[in-house]
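Residue numbers (this note's numbering): 23 to 269.
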Amino acid sequence: MKYLFVILALVIMSSAVTFYYLKPKDLLESRDVAVTVNGHQLSRKQVNDQGLRQGYHSGESVESSINSLVTKQLLLDEAQRMGIDREDEFRRALKDYYEQSLIKVLTDRKLNSVKVTVTSEDVDRYLNCSGQMLTFTRIPIEEGKVLEEQSRQNSVLFDDLSESLRLVLASLEPGEKITQFETGTEIGIIVLDKMEKAKGFDPVEYDRERVRELLSDYKKSLEIDRWINSLRKNASVVVYDEEKRND
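Here you go:
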């Protein structure tokens, strides 16, 4: 009989300890839970964050956020039930998404850190190019080698050029040159040979503030391209010849 009381006392103590450690936690969690979906608890913070992400107005925020989270959880459950999360295609997609997100955060931070100045003189130079005939030479670059023999000269009315070329050439004086980049790789050099008034063409009236904005974006993109190019120059990159490898 004594042993029975001892066992009973141990059971009661064990239950009390379990209740003490687990029950308060459960109560705290239940206060924070906004909705459960197939046993998955979704917190009020998740609901609020969903509303902020989707920009809901206060009147519709809670209901719309809960509906979105419920739909999301149901789709996740169904995908896991079908075993999609264990498929190689899903893992590759997840890896690609992770890498793209990482690169986006990096480039966004770098872009936000870039400070450029667009002066009134910069804007005036762009506006003064309107109605001018520009003669410029393009020289390609391949694997770091400048291919002078493949250079090509063009004479085009400034206003007929693409917006990107207008921004490039408006930043140059006759005789000056600039390196063009593509995702950080040097792809060519542009030289402004001369600029002269085009007969029979009146200047276009560009919006001054719009030009300032375009020049600011252009200068920022130029800084980003130079930054990526510097990363390439400081990196160790080895490209293997597939044909030689198979010999």
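Beta carbons: idealized from backbone N, C-alpha and C, even for Gly.
These numbers come from a predicted model, not from an experiment.
If I follow the unbroken beta strand (DSSP E) through residue i, where does it start and stop?
i: residue 129; result: No beta strand (DSSP E) holds residue 129; the alpha helix (DSSP H) holding it covers 110 to 135.
i: residue 65; result: 62 to 65
Buried or exposed: residue i, going by 16 or more other Cβ atoms within 10 Å of its Cβ?
i: residue 233; result: buried
i: residue 202; result: buried
i: residue 115; result: exposed
i: residue 271; result: Because residue 271 is not part of the residues shown, which for the chain are 23 to 269, the question remains open.
i: residue 44; result: In this prediction, residue 44 scores a pLDDT of 44, lower than 50, which makes its location untrustworthy; no coordinate-derived value is stated.
i: residue 271; result: Past the edges of the chain, shown from 23 to 269, lies residue 271, and the structure says nothing about it.
i: residue 209; result: exposed
i: residue 120; result: exposed
i: residue 124; result: exposed
Only counting the same chain, and skipping five residues up and downstream in sequence, which positions put a Cβ closer than 7 Å to that of residue i?
i: residue 72; result: 87, 90 and 91
i: residue 218; result: 154 and 155
i: residue 225; result: 152 and 153
Tell me which residues share the same chain as residue i and place their Cβ nearer than 6 Å to its Cβ, disregarding the 5 neighbours each side in the sequence.
i: residue 46; result: Reliability of the predicted coordinates at residue 46 is poor, the pLDDT of 43 falling under 50, and the value obtained from them is presented with this limitation in mind. For residue 46, where only same-chain residues beyond five positions count, there are no Cβ hits under 6 Å.
i: residue 34; result: Bear in mind that a pLDDT of 40 at residue 34, under 50, signals an unreliable position, so the model cannot answer this.
For residue i, report the span of its alpha helix (DSSP H) as first-last.
i: residue 246; result: 230 to 256
i: residue 57; result: Run containing residue 57: none in the alpha helix (DSSP H); it sits in the beta strand (DSSP E), 55 to 59.
i: residue 144; result: 142 to 151
Based on DSSP bridge pairs, tell me the residues matched to residue i.
i: residue 212; result: 160 and 200
i: residue 90; result: Its beta-bridge partners do not exist; DSSP assigns none.
i: residue 207; result: 204
i: residue 218; result: 155
If I measure Cβ to Cβ from residue i and keep anything under 8 Å in the same chain, skipping five residues before and after, which residues do I get?
i: residue 29; result: The pLDDT assigned to residue 29 is 39, lower than 50, so where the model puts this residue is not dependable; a value taken from the coordinates is nonetheless given after this. Taken in chain order, the list of residues that qualify is empty.
i: residue 191; result: 151, 156, 158, 180, 183, 212 and 214
i: residue 54; result: 65, 66 and 67
i: residue 145; result: 230, 233, 234 and 237
Which residue spans inside the segment 161 to 195 form an unbroken beta strand (DSSP E) run of at least 3? If one requires a minimum length of 3 residues, the beta strand (DSSP E) runs lying completely within the segment 161 to 195 are 174 to 179, in chain order.
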